[in-house]
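In this note's numbering, the protein residues as written are 223 to 1168.
Read the structure below first, then the notes.
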């Protein structure tokens, strides 16, 4: 049965094969006829290339499936080849426009663009008067058009931009595919410099190769100077490396050439070498200084290492760093070390000094932490550093600086409990005698005022005891005063002065009859110290003997006081017949204050704060010397003697109200006397001289820019003559003898600045337009500097003149008057400062008739001025006169000239010694260290030879 089934299946398969029309097994061979062949050819389909197109209508389902499968494979292969070809061509659309006309040549496939033509492709942007673009070769050619028939000057020259770089040229050719270009007479800006060349070639990496180029930092079309480059390679945004080059100034080649060099154009934060400066110093020889390396560590901080070396053996190193974290903190640090050697080794004049300097400035941003802050201002240097530093030798202010101060402070606040903790380190340095006074640390803890008896939920008025407040202040301090070479060797217990203090004030504020303000207070202070010095008298040596012991010692004192004050108002309306209606009223405000204070006598022996010893001199005279064993403690010792003091104070204020058309209210207040105060006290516990001196102060605000303030003291007790005829302060008052209190002296400083604007204002020549123009300049966001609106000796016109040469908008523009003539303007300013001090000359001859010492006057006069001859020319000077020594004080003068690309400055010191400093250098930061000339006077130049 199986055999029969298999035979039937094979038979059916054979029949199906024979049924195929393409099978040639049983076809007869016929002679080909021309007519038949023509009919066959008509049934065969061909494409445009002559290839046979299969007839899918005659295919069965299996053949059709195979055909579609093979065709999909062929189409995918063809698509890959097309994509591969496209990748090697133009990857993005090319946009081009022209304002005049656009001509396309279909034969050569070249587009001609005329009139402000523009072509954009990816990041490339090309603008020119004429642009020819070949779409097949992706080549663009751009050039300008001649301005006139002379054909000497081109207009609409190509401007090529690729990313952040731009190039100007006369003609330019650029290939889209290779991104290579050929440029003639190119002009490009790189950072602070400008590059031009006759022929330039750009490769696919963006690098430019120049031939016969120029590099300058002058932004003029015809530069004041340039460096001629025979060959150069420019890496935009990085650097330019050039071969033989020479300097040309005002089109005159100078004999200053270099075989090769480079200029960095790095816009990013990067490291690099710092070129040193060279010169000659008379005592140390030739030098190379301020050369080293700059480390761009990251965006938050950097490091600059510099060195200096002299031919006679001196050398120095310095490290400077700046750090900044946005919205957190910022600061700078400087550490400098110098090894100075002068004279010849082996000779008596040979000396060797080692000195160093530390500067640290730190500031915390207010937004970083509102409850904690850290700040530092450190400026420490050994006394010999400034004398050996080359920059300080020609800076009179640095060289003559007598004191330096440094401080580092930290504080944190716990707002929930009102507690503030702070710590400070202070350093005061005397540069004349190398004395140092240092406090390390100074710890403070303060608790803000709180009301212990106040209810948590207050309803209605406060009760009297709810107005009582308490606060606390604690302090720990450790300080020393010594020489700078002994600071690190000082003993912490024996030589450092340390201690602790606690202060607890209790205060209250009440109103009596709603008129008088009463403020009682109680203050408790506690002191802790570790040193106690007992003193005695040695009769044999006739010297005081001190015995110092160390341990814990506690001292306290307290006092209480009650003050009462009120205000009395008086109004005076002047007569309209005498004063008219201009003056509306005059108001007089009197503020009397009375205060009573009490403190026990802490000099009593039961407290143990004060002691005494018997002193017997060589003649056998016996006296008792009183002293305190704790007088050297950090926070002092409670005072000796009881205090029952009543003080009186009266303050007066007088104002006048007048009509005003300028004020919106129609009236304005004028201060006649801002404050006139008197203060005096009476101590009931003092038996001999209970009255204090009379203190007076007056403050007048008659001018907007100046406030007159003067303090004066009048002595209460008169001079008396002793048995030896020498005057002394007695127990009788000046008032009791019919005289006013003895004038003790006063001091006053006056300053005034004179300039053309003030003279015009005085004589009516000023106008509101000038004020509006000045206000406009002040509000100008592009203007440099900060106007603090404070009257000073800084001439704003001079500052404008210094910047005028750098401003392209103002350069070359002259102001004219109404008649069209150029206005004459030479801004200047003069500042006068005068100080006078008047005091009793107790070293003078006493006048027995008036019972007075003569008064001694000390006067100082300072003058400084600025003169701007023209834009860029500035002259300034400062001087003074010392009336005590009858000679000029520090006198300096300086001259500055801005030469557009260069800056020239000369400064001289005329008194008390003479020196000069001349500098001529390029303004651009990239060339300021290379193109410069410095000339300074030597240290021995001021020696006068007789």
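The C-beta atom is built at its ideal place from N, Cα and C for all residues, glycine as well.
Just so you know, these numbers come straight off a predicted model, no measurement behind them.
Measuring only the C-alpha atoms, how far is residue i from residue j?
i, j, result
"residue 1143", "residue 1153", "6 angstroms"
"residue 922", "residue 564", "57 angstroms"
"residue 917", "residue 810", "21 angstroms"
"residue 1086", "residue 928", "19 angstroms"
"residue 1127", "residue 984", "35 angstroms"
"residue 1105", "residue 660", "35 angstroms"
"residue 447", "residue 440", "7 angstroms"
"residue 451", "residue 471", "14 angstroms"
"residue 798", "residue 879", "14 angstroms"
"residue 1132", "residue 832", "57 angstroms"
"residue 673", "residue 1065", "54 angstroms"
"residue 828", "residue 850", "13 angstroms"
"residue 792", "residue 926", "26 angstroms"
"residue 835", "residue 754", "16 angstroms"
"residue 1182", "residue 581", "This structure leaves residue 1182 out entirely; the chain is present only between 223 and 1168."
"residue 1155", "residue 506", "20 angstroms"
"residue 518", "residue 528", "15 angstroms"
"residue 1149", "residue 414", "10 angstroms"
"residue 559", "residue 901", "54 angstroms"
"residue 642", "residue 550", "21 angstroms"
"residue 388", "residue 381", "7 angstroms"
Report, in whole angstroms, the separation of the C-beta atoms of residue i and residue j, which I expect to be a contact under 8 angstroms.
i, j, result
"residue 876", "residue 808", "7 angstroms"
"residue 1098", "residue 1084", "At roughly 14 angstroms, the Cβ-Cβ gap does not stay under 8 angstroms, so residue 1098 and residue 1084 are not in contact."
"residue 496", "residue 483", "Between residue 483 and residue 496 the Cβ distance is about 16 angstroms, and since that is not below 8 angstroms, they are no contact."
"residue 460", "residue 487", "6 angstroms"
"residue 1129", "residue 1159", "No, residue 1129 and residue 1159 are not in contact; Cβ-Cβ is about 11 angstroms, not under 8 angstroms."
"residue 652", "residue 625", "6 angstroms"
"residue 747", "residue 778", "7 angstroms"
"residue 1082", "residue 1102", "7 angstroms"
"residue 510", "residue 480", "Not really, about 18 angstroms apart at Cβ, beyond 8 angstroms."
Taking only three categories from DSSP, how would you classify residue i?
i, result
"residue 708", "coil"
"residue 519", "coil"
"residue 801", "helix"
"residue 1034", "Only weak support is given to the placement of residue 1034: the predicted model assigns it a pLDDT of 43, under 50, and the value that follows is read from those uncertain coordinates. Residue state, collapsed to three classes: coil."
"residue 978", "helix"
"residue 983", "helix"
"residue 685", "coil"
"residue 482", "coil"
"residue 718", "coil"
"residue 289", "helix"
"residue 607", "helix"
"residue 958", "helix"
"residue 309", "Because residue 309 carries a pLDDT of 46, less than 50, the predicted location of this residue cannot be relied on, and no value is offered for it."
"residue 925", "coil"
"residue 852", "coil"
"residue 823", "coil"
"residue 859", "coil"
"residue 1128", "strand"
"residue 677", "coil"
"residue 1148", "coil"
Sort out for me which residues DSSP pairs residue i with in a bridge.
i, result
"residue 434", "None; residue 434 has no bridge partner."
"residue 1060", "968 and 1079"
"residue 530", "538"
"residue 503", "507"
Step through the CB atoms of chain B and report whether any lies within less than 8 angstroms of the CB of residue i.
i, result
"residue 681", "Chain labels in this structure do not include chain B; a single protein chain is all it has."
Counting pairs of beta carbons, one from the stretch 431-446 and one from the stretch 399-418, are three or more of them closer than 8 angstroms? Touching, yes.
So does the stretch 759-773 actually touch the stretch 724-744, counting three or more Cβ pairs closer than 8 angstroms? No contact exists between the stretch 759-773 and the stretch 724-744.
Tell me whether the stretch 688-703 and the stretch 653-666 touch, counting them as touching only if at least three CB pairs, one residue from each stretch, are closer than 8 angstroms. Short answer: they touch.
Taking three-plus beta-carbon pairs below 8 angstroms as touching, is the stretch 812-826 in contact with the stretch 784-791? Contact check between the stretch 812-826 and the stretch 784-791: three or more CB pairs, one atom from each, fall below 8 angstroms, which counts as touching.
contact_flag[the stretch 338-347, the stretch 316-326] where n(CB pairs < 8 angstroms) is 3 or more: As far as the Cβ criterion goes, the stretch 338-347 touches the stretch 316-326, which means the pair count is three or higher.
Quick one: any contact between the stretch 676-685 and the stretch 714-728, if contact means 3 or more CB pairs under 8 angstroms? Here the stretch 676-685 does not lie against the stretch 714-728, with fewer than 3 beta-carbon pairs under 8 angstroms apart.
How about the stretch 898-918 and the stretch 857-875: do they share at least three Cβ pairs that are nearer than 8 angstroms? Yes, since at least three Cβ pairs between the stretch 898-918 and the stretch 857-875 fall closer than 8 angstroms, the two stretches touch.
How do the stretch 971-982 and the stretch 949-958 stand: do at least 3 beta-carbon pairs fall below 8 angstroms, yes or no? With a cut-off of 8 angstroms, the stretch 949-958 and the stretch 971-982 do not count as touching, because too few Cβ pairs lie within range.
If you pair each beta-carbon of the stretch 511-531 with each one of the stretch 544-560, do three or more pairs fall below 8 angstroms? Because the criterion of three Cβ pairs below 8 angstroms is met, the stretch 511-531 and the stretch 544-560 touch.
At least three beta-carbon pairs within less than 8 angstroms, the stretch 375-390 to the stretch 345-365: Segments in contact, yes.
Between the stretch 357-369 and the stretch 387-403, do three or more beta carbon pairs fall short of 8 angstroms? They touch, by the three-pair rule.
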